[in-house]
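Engineer: In my numbering, the protein residues as written are 338 to 594. Note that CB positions come from ideal geometry on N, CA and C, so glycine has one too.
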Ligand code: HEC
């Protein structure tokens, strides 16, 4: 028994190590839902409009996404593919050259197809919501989970300009804004949004980023959508099989006293 326990601990050890590795800043959690087609569709529209200026998703084809997300192909061609020479069967690549991007941003924007598997959906969700104003940086913004990031805050017109009130140490302890539910005033946390700078409320913006990250989680593992369904079918099959197996058992044992 002891041996098994030790073996189990050794198996689990790397899991706890990797969980602790990325936990420098507490992350907000996101509950991915690949059955929410409307969210995934909005997420794809947001991704194509807001991210594909700089980031490719070269392992994802437009057509596969259209099929999985139940968006009619002609709508994808008309509204989600901006390059006229691109066909729906092609990958979601972009025209920006890596060398140019490196000159402009310091680091090239990485391909995002597998990003949510690389960093985890929680990280991406927190990252996109934790840009804040920092005049010392080239783009005028910094990020809590990715300090000194080379990416501008491309969602600032939606979220608004975020002002940080904390020291770097406090910021790393927890960046969430706390608002008094009665007065709507900021009562704690590090962030406040400058009034009139964003077109969305905090809830709308969180939903927008939720949809975006939901789509990125889908891209990271498109087969998860199908395997979830297969799992359901297998369970239904087992339930039906149980009825017959039970009837057969009764039949066999009927004469045994
Ligand atoms: C103006 C160009 C630009 C746009 C538009 C843009 N990004 Fe970025 N992004 C960058 C650059 C540059 C980096 C690399 C930053 C670095 O390494 O310092 C980056 C990095 C990232 C990273 C971190 C990658 C990693 O793991 O190192 C994520 C995640 C990301 N971007 C997501 C997005 C999403 C989602 C959108 C759309 C809402 C988006 N980006 C739009 C330029 C852009």
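Would you call the stretch 532 to 549 in contact with the stretch 448 to 465, where contact means no fewer than 3 C-beta pairs closer than 8 Å?
Structural biologist: As far as the Cβ criterion goes, the stretch 532 to 549 touches the stretch 448 to 465, which means the pair count is three or higher.
Engineer: Can you name the start and end residues of the beta strand (DSSP E) that residue 479 belongs to?
Structural biologist: Walking along the chain shown from the start, residue 479 turns up at place 142. Element bounds for residue 479: 478 to 480.
Engineer: Go ahead and label residue 536 buried or exposed: buried means 16 or more other beta carbons lie within 10 angstroms of its beta carbon, across all protein chains shown.
Structural biologist: On the chain shown, residue 536 is found 199 positions in, with the first residue counted as 1. Exposed, because fewer than 16 other Cβ atoms sit within 10 Å of the Cβ of residue 536.
Engineer: What runs of the beta strand (DSSP E), each 3 residues or longer, lie entirely inside the stretch 407 to 471?
Structural biologist: Runs of the beta strand (DSSP E) inside the stretch 407 to 471: 468 to 470.
Engineer: Mapping DSSP to helix, strand and coil, what is residue 601?
Structural biologist: The structure shown does not extend to residue 601, since the chain spans only 338 to 594, so no value can be given for it.
Engineer: List the whole-angstrom C-beta distance separating residue 481 from residue 508, where the pair is believed to meet the contact cut-off of C-beta under 8 Å.
Structural biologist: The residue labelled residue 481 in the question sits at position 144 within the chain shown. The residue labelled residue 508 in the question sits at position 171 within the chain shown. Sure, about 6 Å apart at Cβ, within 8 Å.
Engineer: When DSSP labels each residue in this structure, what does residue 473 get in the three-state scheme?
Structural biologist: Taking the first residue of the chain shown as 1, we reach residue 473 at position 136. Residue 473: coil per DSSP, three-state reduction.
Engineer: In three-state DSSP terms, what is residue 567?
Structural biologist: Taking the first residue of the chain shown as 1, we reach residue 567 at position 230. Residue 567 falls in the helix class under three-state DSSP.
Engineer: Sort out for me which residues DSSP pairs residue 593 with in a bridge.
Structural biologist: In the chain shown, the residue the question calls residue 593 occupies position 256. Looking at the DSSP assignment, residue 593 forms no beta bridge with any residue, so it has no partner.
Engineer: Would you mind reading off the limits of the beta strand (DSSP E) that contains residue 529?
Structural biologist: Walking along the chain shown from the start, residue 529 turns up at place 192. 528 to 530 is the extent of the beta strand (DSSP E) around residue 529.
Engineer: Rounding to the nearest angstrom, what Cα-Cα distance links residue 454 and residue 582 in this structure?
Structural biologist: As a working note, residue 454 is residue 117 in the chain shown. As a working note, residue 582 is residue 245 in the chain shown. Going by the C-alpha atoms only, they are around 41 Å apart.
Engineer: Give the range of the beta strand (DSSP E) segment to which residue 499 is assigned.
Structural biologist: Against the chain shown, residue 499 aligns to sequence position 162. Segment 499 to 501, the beta strand (DSSP E) holding residue 499.
Engineer: Within the present structure, is the beta-carbon of residue 407 separated from the nearest heavy atom of ligand 1 by less than 8 Å?
Structural biologist: Position 70 of the chain shown holds residue 407. No; taking the cut-off as 8 Å, the Cβ of residue 407 has no heavy atom of ligand 1 nearer than that.
Engineer: Residue 445: which of 393, 372 and 586 sits nearest, CA to CA?
Structural biologist: Taking the chain shown and counting its residues from 1, one reaches residue 445 at position 108. Answer by Cα proximity: 393.
Engineer: Which class does residue 396 belong to by DSSP, given the choice of helix, strand or coil?
Structural biologist: Residue mapping note: residue 396 aligns to position 59 of the chain shown, counting from 1. Residue state, collapsed to three classes: strand.
Engineer: Any idea what DSSP makes of residue 369, helix, strand or coil?
Structural biologist: Looking up residue 369 in the chain shown gives position 32. Of the three classes helix, strand and coil, the one that applies to residue 369 here is coil, per DSSP.
Engineer: Do you know how far the Cα of residue 372 is from the Cα of residue 449?
Structural biologist: Reading the chain shown from its first residue, position 112 is the one you call residue 449. Reading the chain shown from its first residue, position 35 is the one you call residue 372. Approximately 21 Å, taken between the alpha carbons.
Engineer: Taking the beta carbon of residue 554 as the centre, do at least 16 other beta carbons fall within 10 Å, making it buried, or is it exposed?
Structural biologist: Counted from its first residue, the chain shown places residue 554 at position 217. It is buried - the Cβ of residue 554 has at least 16 other Cβ atoms within 10 Å.
Engineer: Hey, would you say the C-beta of residue 456 is under 8 Å away from at least one heavy atom of ligand 1?
Structural biologist: The residue you call residue 456 lines up with position 119 of the chain shown. It does: the Cβ of residue 456 is within 8 Å (strictly closer) of some heavy atom of ligand 1.
Engineer: Tell me whether residue 398, by its Cβ, gets closer than 8 Å to a heavy atom of ligand 2.
Structural biologist: The ligand content of the structure shown is limited to ligand 1, which means ligand 2 is not among them.
Engineer: Return the CA-CA distance between residue 424 and residue 395, expressed in angstroms with no decimal places.
Structural biologist: Residue mapping note: residue 424 aligns to position 87 of the chain shown, counting from 1. Residue mapping note: residue 395 aligns to position 58 of the chain shown, counting from 1. Taking the straight line joining both Cα atoms gives about 14 Å.
Engineer: Quick one, are the C-beta atoms of residue 433 and residue 391 less than 9 Å apart?
Structural biologist: Locating residue 433 in the chain shown gives position 96, counting from the first residue. Locating residue 391 in the chain shown gives position 54, counting from the first residue. Yes, they are a contact pair.
Engineer: Looking at C-alpha atoms only, which residue of 578, 473 and 506 is the closest neighbour of residue 362?
Structural biologist: Here residue 362 refers to the residue found at position 25 when the chain shown is read from its first residue. The shortest C-alpha separation from residue 362 is found at 506.
Engineer: To the nearest angstrom, how far is the alpha carbon of residue 529 from that of residue 386?
Structural biologist: Numbered from its first residue, the chain shown carries residue 529 at position 192. Numbered from its first residue, the chain shown carries residue 386 at position 49. So the alpha carbons of these two residues sit roughly 26 Å apart.
Engineer: Classify residue 595 as buried or exposed, calling it buried when 16 or more other Cβ atoms lie within 10 Å of its own Cβ.
Structural biologist: Past the boundaries of the shown model lies residue 595; the chain is included only from 338 to 594, so the question cannot be answered.
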